């Protein structure tokens, strides 16, 4: 729980946006964190249908992560506030994993499962 709160607090501090955009940036931060956990921790997969009602945000998160990784992406998918939230959450999650991989995988992974973004394999 403390990891989800830390990520949300970081994103909130970085981005001052209207309510709808705030909900989208919070979702983007959680989705980005979930994607990092899925790729860095054993036993997790993305939940089917997570974010299907926010496809523009999902596309923006994927584009931002591809940009961070130096991969090609569709420029039209980028949304500036989503990119900022995605980068912040990705960097926080990676930093937490570098400090305590097992604990972060367990705690943040469980938080993302409860949020409906990840499933246990």
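In the numbering used here, the protein residues as written are 33 to 153. We put the CB at the ideal spot given by N, CA and C, even for glycine. If you're wondering where the values come from, they're calculated on a predicted model, not measured in any experiment.
Between the beta-carbon of residue i and the beta-carbon of residue j, is there less than 9 Å?
i, j, result
"residue 136", "residue 125", "yes"
"residue 96", "residue 122", "yes"
Check for me: the alpha helix (DSSP H) holding residue i runs from which residue to which?
i, result
"residue 119", "112-131"
"residue 96", "87-100"
Reducing DSSP to helix, strand and coil, say where residue i ends up.
i, result
"residue 149", "coil"
"residue 137", "helix"
"residue 72", "helix"
"residue 61", "helix"
What residue range is occupied by the uninterrupted beta strand (DSSP E) comprising residue i?
i, result
"residue 76", "76-78"
With a 10 Å radius around its C-beta and 16 neighbouring C-beta atoms as the bar for buried, classify residue i as buried or exposed.
i, result
"residue 118", "buried"
"residue 77", "exposed"
"residue 84", "exposed"
"residue 45", "Unreliable positioning characterises residue 45 in this predicted model, as indicated by a pLDDT of 49, which lies under 50. The coordinate reading is nonetheless provided below. Residue 45 comes out exposed."
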